[in-house]
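Written out below as structure tokens is the structure these notes cover.
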Amino acid sequence: MIVLKFGGTSVQNAERMDEVLTITEYQIDRAPVLVSSAMSKITDSLLLLSQKAKSGEEKEALQLFEDIRNRHLSTAEAFLKGDNLSKAAEHLESYFTELHSLTRGLLLLKECTPRSLDAIASFGELMSTTLLYYRALTRGIQAEFADARDMVLTDDNFTSALPLVEETNKRIGEALRPEPGKIIITQGFIARTKAGATSTLGRGGSDYSATIFGAALNAEEVQIWTDVDGIMTTDPRIVPEAKTIAKISYEEAAELAYFGAKVVHPSTIQPAVEKNIPVLVKNTMNPQGKYTSIEVYSNKPGIRAIASKKDITLININSTRMLNAYGFLNRIFAIFDKYKTPVDLIATSEVSVSMTIDNLTYIEDIVKEAEKIGYVNVEQGKSIICLVGQNFWQDSAFVERVFKSLHGIKVRMISLGSSDINLSIVIPGASLQEAVQKLHREFFS
Ligand code: ADP
Ligand code: ASP
Ligand code: MG
């Protein structure tokens, strides 16, 4: 069997949804499971609706509700007919009714918990897959609709819940019977906790859902269908001449994803590695075009791609007391551990530690506690650029080329990972585009 995951732009309207079904039907003999995201921008609108409702902006919240409703109904009307149209409308209406009551609840309570956010965000995927399912039936394709929440079980860390792997695998195995000639249609991103509340795997999490389904069903392949020709040497929005990488190892892909290459969600790789399932990244707008295969692969030494992350915060802790003191880093990490805030990069000197984080939820508490250890300085609005590849040290000119090409850009921090598959650089946010373009020119053109 195979899993095909389609992102928001791939299902943005009736025409694109039709193309998604065509791509899947073309491979119907491979027993496909189709995992879909919400239509583009719908998750953003649902989250905005929650914010508006929470702050009592009733008119704005209800307007967003109407827009979301109309977009799905008009898509249904664009490509469904007769019985399938009325059944789809009925199915969608049940989601609209629920969404409407949740919105009313938030307006009343003026409060929105992570748990309510997930309940609201989940409608995006439920609605897009409803449209795909009835369109498949209209086209005479044998299709089955499955609610991912009945299969993917998570902890209750709402808005970025972690799957409980064993129970999830068991449920997927019991619920789905992929077979040639039939398309199973289900949702990415959404799941359920043990207590039965709707949860989500975090923004961009549909990619992760795809490999969760793939691993549970021992897929021969997982295909991530998106809006670019695979994983490229850098984000083509920053450098339009970026090129597709034909083959990349699981480790390199994971590193790229973690450091900002949004084309795959960072957690996507793990379930695939465990079962050794190749993950192909392809373009729905250009299905016959170039693509990337993520697999067990040892690439030649050198740089593979450049990833970048915006809105990074740099925290510097200075303390003369650190001199010769052991247990100092331990005390610092205990603070980040307490506030569940991951540290991305770290550099130390005899008297200072610099760290980057991108989750600012607990920044004030973290600073308050860190001030007990030393002088704390916080710099917001930074960017990280991450060069990913293999065995950089084999090329003695590598570091020199990096810094020469960054001439004129204020580098704030450098970290060459011991894994030797990434060199990360922290720079001012405003220099991001220029720095990525310069590095790309140096290494890829
Ligand atoms: P989807 O909705 O299909 O999940 P995303 O918007 O999440 O798509 O991811 C695709 C986007 O990722 C591309 O449009 C591109 O701008 C961005 N991107 C960032 N880095 C890379 C990269 N190295 N290669 C390809 N795309 C990248
Ligand atoms: N719809 C969700 C989001 O926009 C999940 C996804 O698209 O992967 O974050
Ligand atoms: Mg995505």
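With the numbering used here, the residue at position 27 of the sequence shown is 31, and numbering never jumps. Glycine included, C-beta positions come from ideal geometry on N, C-alpha and C. Note that the structure is a prediction, hence the values are computed from the model and not measured.
>> Using C-beta distances below 7 Å, list every residue in its chain close to Arg153, excluding the 5 sequence neighbours before and after it, in chain order.
In response: Here residue 153 refers to the residue found at position 149 of the sequence shown. Cβ neighbours of Arg153 beyond the five flanking positions: Ile194, Ala195, Arg196 and Thr202.
> Is it buried or exposed for Lys372, if we count other Cβ within 10 angstroms and need 16 for buried?
Replying inline: Numbered from its first residue, the sequence shown carries residue 372 at position 368. Lys372 is exposed by the Cβ-count criterion.
>> Assuming the contact rule is C-beta atoms closer than 8 Å, Ala309 and Ile249 should be a hit. Round their C-beta distance to whole Å, please.
In response: As a working mapping, residue 309 is identified with position 305 in the sequence shown. As a working mapping, residue 249 is identified with position 245 in the sequence shown. Going by Cβ atoms, the distance from Ala309 to Ile249 rounds to 6 Å, so yes, they are a contact pair.
> Contact between the region 392-410 and the region 360-375: three or more CB pairs below 8 Å?
Replying inline: no
> On the three-pair Cβ rule with 8 Å, is the region 37-46 touching the region 70-80?
Replying inline: yes
>> Residues in the same chain with beta-carbon distance under 6 Å from Ser451, minus the five sequence neighbours each way, listed in chain order, please.
In response: No answer is possible for residue 451: it lies beyond the span of the chain, which begins at 5 and ends at 449.
> Roughly how many whole angstroms lie between the Cα atoms of Thr101 and Tyr137?
Replying inline: As a first step, residue 101 must be located in the sequence shown, where it is residue number 97. As a first step, residue 137 must be located in the sequence shown, where it is residue number 133. Rounded to the nearest angstrom, the two C-alpha atoms are 20 Å apart.
> Under the DSSP definition of a beta bridge, which residues are partnered with Thr248?
Replying inline: Working through the sequence shown from its first residue, we reach residue 248 at position 244. Bridge partners of Thr248: Met236.
> Under three-state DSSP, which class holds Ile190?
Replying inline: For the purposes of this step, residue 190 is taken as the residue at position 186 of the sequence shown. The question names Ile, but residue 190 in the sequence shown is Thr. Looking at Thr190 - three-state DSSP - the assignment turns out to be strand.
> I think Tyr295 touches Ala276, with their Cβ atoms under 8 Å apart; what is that distance to the nearest whole Å?
Replying inline: Walking along the sequence shown from the start, residue 295 turns up at place 291. Walking along the sequence shown from the start, residue 276 turns up at place 272. That pair is no contact at about 16 Å.
>> Once the 5 residues before and after Lys251 are set aside, which same chain residues still bring their CB inside 6 Å of it?
In response: Working through the sequence shown from its first residue, we reach residue 251 at position 247. Closer than 6 Å at the Cβ level, and outside the excluded window around Lys251, lie Ser297 and Tyr301.
> Is Met43 near ligand 1, going by C-beta to nearest heavy atom under 7 Å?
Replying inline: Position 39 of the sequence shown, counted from the first residue, corresponds to residue 43. No, the Cβ of Met43 stays beyond 7 Å of every heavy atom of ligand 1.
> What alpha helix (DSSP H) runs, 4 residues minimum, are completely inside the region 83-154?
Replying inline: 86-113 and 118-142
>> Would you call the region 432-441 in contact with the region 345-362, where contact means no fewer than 3 C-beta pairs closer than 8 Å?
In response: no
> Counting Cβ pairs, one atom from each stretch, are 3 or more of them under 8 Å apart for the region 124-144 and the region 164-174?
Replying inline: no
>> Rounding to the nearest angstrom, what Cα-Cα distance links Asp424 and Leu166 in this structure?
In response: Within the sequence shown, numbered from 1, the residue matching residue 424 stands at position 420. Within the sequence shown, numbered from 1, the residue matching residue 166 stands at position 162. Using only the alpha carbons, I get a separation of about 28 Å.
>> I'd like the span of the alpha helix (DSSP H) that includes Phe396, first residue to last.
In response: Position 392 of the sequence shown, counted from the start, is the residue given in the question as residue 396. Looking at the DSSP string, Phe396 is not in any alpha helix (DSSP H), and its letter there is neither H nor E.
>> Need the endpoints of the beta strand (DSSP E) that Val285 sits in, please.
In response: Your numbering for residue 285 matches position 281 in the sequence shown. Run containing Val285: Val283 to Asn287, per the beta strand (DSSP E) assignment.
> Span of the beta strand (DSSP E) holding Leu8?
Replying inline: Along the sequence shown, one-based indexing puts residue 8 at 4. Segment Ile6 to Phe10, the beta strand (DSSP E) holding Leu8.
> So is the beta-carbon of Ser14 under 7 Å away from any non-hydrogen atom of ligand 2?
Replying inline: Residue mapping note: residue 14 aligns to position 10 of the sequence shown, counting from 1. For ligand 2, not one heavy atom lies less than 7 Å from the Cβ of Ser14.
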